[in-house]
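Chemist: When we follow our numbering, the leftmost residue of the sequence shown carries the number 1, and every step to the right adds one.
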Amino acid sequence: MLHLKKLPAQWAYPLALGALGAGAVALVGDWSVLSLGLALVLLVLGLAAGFQLNAGHAAQQQAMERFMADQQRFGDEVAPVWSRHIESSREQMDTAIAGLSERFAGIVDSLDAAVHTASLEAATLEDGDKGLVAVFNRAERDLGAVIASQNAAVAGMQAMLEKVEGLDRFTQELQSMAHDVAKIAQQSNLLSLNAAIEAARAGDLGRGFAVVAKEFRMLSNLSGDTGKHIAAKVGVISAAIADASSMVRESVEQRDGRIQESTNTIGSVLQDFRAVTDTLQRSSGLLKDESMSIQNEIGQALVQLQFQDRVSQIMGHVKSNIEQLPVYLQSHHDAYVQSGVLEPLDPEVLLGALKKTYVMADQHAIHSGATVAEASSDNEIRFF
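1. At the level of alpha carbons, what is the spacing between E102 and D278?
2. Run through DSSP, which three-state label would P344 get?
3. Just tell me which of S246, G106, N194 and I197 has its CA closest to the CA of E162.
4. May I ask you to report which of helix, strand or coil DSSP gives M93?
5. Can you tell which of K228, T357 and L270 has its C-alpha closest to the C-alpha of Q186?
6. When DSSP labels each residue in this structure, what does Y358 get in the three-state scheme?
7. Taking 6 Å as the limit between beta carbons, can you name the residues of its chain near T371, skipping five residues before and five after?
8. Nearest-angstrom Cα distance between A239 and D180?
9. Which value, in whole angstroms, describes the spacing of the CA atoms of I266 and E250?
10. Measure the C-alpha to C-alpha separation of A98 and E290 and round it to an integer number of angstroms.
11. Suppose you measure from the CA of Q324 to the CA of G369; what does that come to, to the nearest Å?
12. Which word fits V197, buried or exposed, when buried means at least 16 other C-beta atoms lie within 10 angstroms of its C-beta?
13. Going by other Cβ atoms of all chains shown within 10 Å of its Cβ, with 16 needed for buried, is L329 buried or exposed?
14. Please state whether the Cβ-Cβ distance between S312 and D94 is less than 8 Å.
15. Pick out whichever of L111, I259, V337 and L350 has its Cα sitting closest to the Cα of V318.
16. What did DSSP end up calling G369 once you bin it into helix, strand or coil?
17. Determine the direct distance from the alpha carbon of G106 to that of G316, and round the result to whole angstroms.
18. Classify V146: buried if its beta carbon has 16 or more other beta carbons within 10 angstroms, exposed otherwise.
19. Whose C-alpha, out of G23, A361 and S339, is nearest the C-alpha of I314?
20. Going by C-alpha to C-alpha distance, which of D225, F273, S262 and P347 sits closest to K183?
21. Taking its Cβ as the centre, do 16 or more other Cβ atoms sit within 10 Å of H332, making it buried, or is it exposed?
22. Rounding to the nearest angstrom, what Cα-Cα distance links V337 and L34 in this structure?
23. Would you kindly check if the distance between the Cβ of I259 and the Cβ of N137 is under 8 Å?
24. Go through its chain and collect everything with a Cβ distance to N321's Cβ below 7 Å, but skip five positions before and after it.
25. Determine, using beta carbons only, whether E140 and L286 come nearer to each other than 8 Å.
26. Report all residues from its chain with a CB closer than 7 Å to the CB of H116; omit the five preceding and five following residues, and keep chain order.
27. Return the CA-CA distance between L143 and S176, expressed in angstroms with no decimal places.
28. Report back the beta-carbon spacing between L100 and Q295 to the nearest angstrom; my notes put them in contact at under 8 Å.
29. Under 8 Å between C-beta atoms, does G352 make it to chain D?
30. Take the Cβ of P408 as the centre, count every other Cβ of all protein chains shown within 10 Å, and call the residue buried at 16 or more, exposed below.
31. So is V28 buried or exposed if we call it buried at 16+ other beta carbons inside 10 Å?
Have a look at this one:
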């Protein structure tokens, strides 16, 4: 270490003074015991003074060494952190600006496609038979035909309902005929009973007539049973016809209501569709103009976003300059170790190196602390 090399000289001055004083006292005292004692005391005092001087110098040297080491550690620890933060900020800014520019470019492409599509749609609206208006008119005509077909189907079901209701009259006639058959069977049964009574009165002469009366009564009973079966079947058929008539009537009413509802809905949809068609015709031109205007504005925004090139370059220069701080502090420490002379730190070493990287007038203005004038539109953007 440097203070160990200087140790003999530091001890020499107080020892020399002590020795000179001791020699003078001994010489003046004629080398007496008292003078030699005083000389020894002076020599010890010189030695103590040298020890104290050396201790103070060593403490000062250690403090200076700690200061230089702390100064170097300050540069070694702080400057890299500054540099990393600046580099991280620059990378994040570059990433964000690149992503933003990419998004804006995508928006411009989308708007360009939208403008192209709007132009095609505007042409489609007015494209004769293939235009939207012509399609609407054809749809209206076709839907009208569908509604007419549904109305015809309802009319057919109404006619079928009338025929089914007409069958009810025939069932009533069949019931009347079954009732007549029952009455005839009843009268025939009474007639056969009277014939049997008369045959019994006639005795042997009426035996053959009694057989006929018996058969006639059996036929009358069979006719009565048949009439009852006919009446029962006619009742079942009548009930079925009534149910079918009711179901058909209900179906016709429901179909008629649905057709009316469908007609109203289709009319409302066609009216809304016509309103939309008219609105599209009016707004297609406006949409095209606004899309082109937005496209131009975003294009200008993309130009403005090019400021990140300039900011990135400036931050890169500052980062490089900060990275030179530990190197400069190390060289300052090495110079002190070699010469033993503590020189002040010179900020112009780093500021001068940073100034050499400036390429814009406002950078020089910021460096000198002057007010930075607002950039004009002609030199606002500069590529590096």
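We put the CB at the ideal spot given by N, CA and C, even for glycine.
None of the values given here were measured: they were computed from a predicted structure.
Modeler: Looking at the atomic coordinates:
1. Here the question's residue 102 lines up with position 102 in the sequence shown. Here the question's residue 278 lines up with position 278 in the sequence shown. If you take the alpha carbons of E102 and D278, they lie about 37 Å apart.
2. The count along the sequence shown starts at 1 and reaches residue 344 at position 344. If DSSP states are grouped into helix, strand and coil, P344 belongs with coil.
3. Counting from 1 along the sequence shown, the entry for residue 162 is found at position 162. The shortest C-alpha separation from E162 is found at S246.
4. In the sequence shown, counting from the first residue as 1, residue 93 sits at position 93. Here M93 sits in helix by DSSP.
5. Numbered from 1 along the sequence shown, position 186 holds the residue referred to as residue 186. Per the Cα distances, K228.
6. As a working note, residue 358 is residue 358 in the sequence shown. Three-state result, Y358: coil.
7. Translated into positions along the sequence shown, residue 371 becomes position 371. Within the same chain, T371 has no close Cβ partners at all.
8. Position 239 of the sequence shown, counted from the first residue, corresponds to residue 239. Position 180 of the sequence shown, counted from the first residue, corresponds to residue 180. Those two C-alpha atoms are separated by around 21 Å.
9. Along the sequence shown, one-based indexing puts residue 266 at 266. Along the sequence shown, one-based indexing puts residue 250 at 250. Cα to Cα, I266 sits roughly 24 Å from E250.
10. Walking along the sequence shown from the start, residue 98 turns up at place 98. Walking along the sequence shown from the start, residue 290 turns up at place 290. When rounded, the distance between both Cα atoms is 26 Å.
11. For the purposes of this step, residue 324 is identified with residue 324 of the sequence shown, where counting begins at 1. For the purposes of this step, residue 369 is identified with residue 369 of the sequence shown, where counting begins at 1. Computed Cα separation, rounded: 22 Å.
12. The residue labelled residue 197 in the question sits at position 197 within the sequence shown. For the record, residue 197 in the displayed sequence is Ile; it is not Val. It counts as exposed.
13. Here residue 329 refers to the residue found at position 329 when the sequence shown is read from its first residue. L329 comes out buried.
14. Walking along the sequence shown from the start, residue 312 turns up at place 312. Walking along the sequence shown from the start, residue 94 turns up at place 94. In contact: S312 and D94 (Cβ atoms closer than 8 Å).
15. Walking along the sequence shown from the start, residue 318 turns up at place 318. When only C-alpha atoms are compared, the closest one is L350.
16. Position 369 of the sequence shown, counting from 1, holds the residue named residue 369. Three-state DSSP puts G369 in coil, outside helix and strand.
17. The residue you call residue 316 lines up with position 316 of the sequence shown. The residue you call residue 106 lines up with position 106 of the sequence shown. Whole-angstrom Cα-Cα distance: 29 Å.
18. As a working note, residue 146 is residue 146 in the sequence shown. Looking at its Cβ environment, which holds fewer than 16 other Cβ atoms inside 10 Å, V146 is exposed.
19. What you label residue 314 is simply residue 314 of the sequence shown in a count that begins at 1. Closest option to I314, Cα to Cα, is A361.
20. Residue mapping note: residue 183 aligns to position 183 of the sequence shown, counting from 1. Ranking the options by Cα distance to K183, first place goes to D225.
21. For the purposes of this step, residue 332 is taken as residue 332 along the sequence shown, with counting starting at 1. With 16 or more Cβ atoms within 10 Å of its Cβ, H332 is classed as buried.
22. By one-based count along the sequence shown, residue 337 stands at place 337. By one-based count along the sequence shown, residue 34 stands at place 34. Each residue's Cα considered, the two are about 48 Å apart.
23. Taking the sequence shown and counting its residues from 1, one reaches residue 137 at position 137. Taking the sequence shown and counting its residues from 1, one reaches residue 259 at position 259. Not in contact: N137 and I259 (Cβ atoms no closer than 8 Å).
24. Position 321 of the sequence shown holds residue 321. Once the five neighbours on either side are set aside, the close Cβ partners of N321 are L350, A353 and L354.
25. Position 140 of the sequence shown holds residue 140. Position 286 of the sequence shown holds residue 286. It is not a contact, given that the beta carbons lie outside the stated cut-off.
26. Numbered from its first residue, the sequence shown carries residue 116 at position 116. There are no such residues.
27. As a working mapping, residue 143 is identified with position 143 in the sequence shown. As a working mapping, residue 176 is identified with position 176 in the sequence shown. Distance between the alpha carbons of L143 and S176: 51 Å.
28. Reading the sequence shown from its first residue, position 100 is the one you call residue 100. Reading the sequence shown from its first residue, position 295 is the one you call residue 295. Not confirmed; about 17 Å, so no contact.
29. Absent here is chain D; the protein component of the structure consists of one chain.
30. Missing from the structure shown is residue 408; the chain here goes from 1 to 384 and no further.
31. Taking the first residue of the sequence shown as 1, we reach residue 28 at position 28. It is exposed - the Cβ of V28 has fewer than 16 other Cβ atoms within 10 Å.
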